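Under numbering that gives the first Met the number 0, think of the first position of the sequence shown as 0, with each following residue one higher.
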Amino acid sequence: MHIGILTGGGDVPGLNPCIRAITLAALERGWQVTGFRRGWQGFLLIDPDVPESIDAQTWALDREKVRGIDRTGGTILHTSRTDPRTQPEGDRTDHVLHVLDRLGIDAMITLGGDGTLRFSAHLSAQGFPVISVPKTMDNDVHGTDYC
0 MHIGILTGGG
10 DVPGLNPCIR
20 AITLAALERG
30 WQVTGFRRGW
40 QGFLLIDPDV
50 PESIDAQTWA
60 LDREKVRGID
70 RTGGTILHTS
80 RTDPRTQPEG
90 DRTDHVLHVL
100 DRLGIDAMIT
110 LGGDGTLRFS
120 AHLSAQGFPV
130 ISVPKTMDND
140 VHGTDYC
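This is the structure:
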């Protein structure tokens, strides 16, 4: 199993500990973990035929890379507020699915607020496996404690 992980939206406490926990749990199961930089924006910057673009926007996560990140703020993966469906050149969902296929990603875990989770739900509706971890400072994600 090869999972991808990204963080999107605003920066909130707890992102790095969550990235670390997901990575360690996946590694214990023998899974490969790829972190996508800059949320959904990172996907739009990847050309699967250009290895340098893949290297610039992804990071193979392992025990060493997540060691100690639970004690640092922010997100090691960086973030963005990008929705691939609302780009100037049109809906880029097909590009995201193409990147996932070419990189051999079997499922995504997304950490984000309402915008990130809306696109995650859209990918899920397209048949791609996605697990989303809500993180909102606006309390606008249904099913969270204060929404």
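Ideal placement from N, C-alpha and C gives every residue a C-beta, glycine not left out. This one's a predicted model, so the numbers in the text were calculated from it and none came from an experiment.
Can you give the Cα-Cα distance for residue i and residue j, rounded to whole angstroms?
i	j	result
Leu26	Val65	11 angstroms
Ala20	Gly67	11 angstroms
Val104	Gly3	The sequence given here has Ile at residue 104, not Val. In a straight line, the C-alpha of Ile104 is about 6 angstroms away from that of Gly3.
Ile45	Glu51	9 angstroms
Leu43	Gly126	20 angstroms
Gly13	Leu23	16 angstroms
Val32	Gln86	27 angstroms
Phe118	Pro83	8 angstroms
Val129	Asp48	24 angstroms
Lys134	Asn15	12 angstroms
Ile18	Thr74	8 angstroms
Leu60	Arg70	17 angstroms
Among the candidates the options, whose CA atom is the shortest distance from the CA of residue i?
i	options	result
Gly41	Arg91, Ile130, Ile68	Arg91
Gln56	Phe127, His77, Gly9, Gly89	His77
Arg37	Arg62, Thr81, Pro16, Asp54	Thr81
Asp113	Asp93, Val49, Ala106, Ser79	Ser79
His121	Leu96, Trp58, Gly9	Leu96
Ile108	Arg101, Leu116, Ala59	Leu116
Gly72	Val11, Ala59, Gly7	Val11
Arg101	Glu88, Ile53, Trp58, Glu63	Ile53
Go ahead and label residue i buried or exposed: buried means 16 or more other beta carbons lie within 10 angstroms of its beta carbon, across all protein chains shown.
i	result
Val98	buried
Gly29	exposed
Val132	buried
Gly111	buried
Met0	exposed
Cys146	For Cys146, the predicted model reports a pLDDT of 45, less than 50, meaning its position is unreliable; a value from the coordinates is still stated below. Exposed, by the Cβ-count rule.
Gly7	buried
Let me check one thing: in DSSP terms, what residues is residue i bridge-paired to?
i	result
Ser131	Thr109
Leu60	Val32
Ile4	Gly34, Ile108
Gln86	Gly89
(message) Restricting to runs no shorter than 3 residues, where is the beta strand (DSSP E) found entirely within the region 88-117?
(response) 106-111
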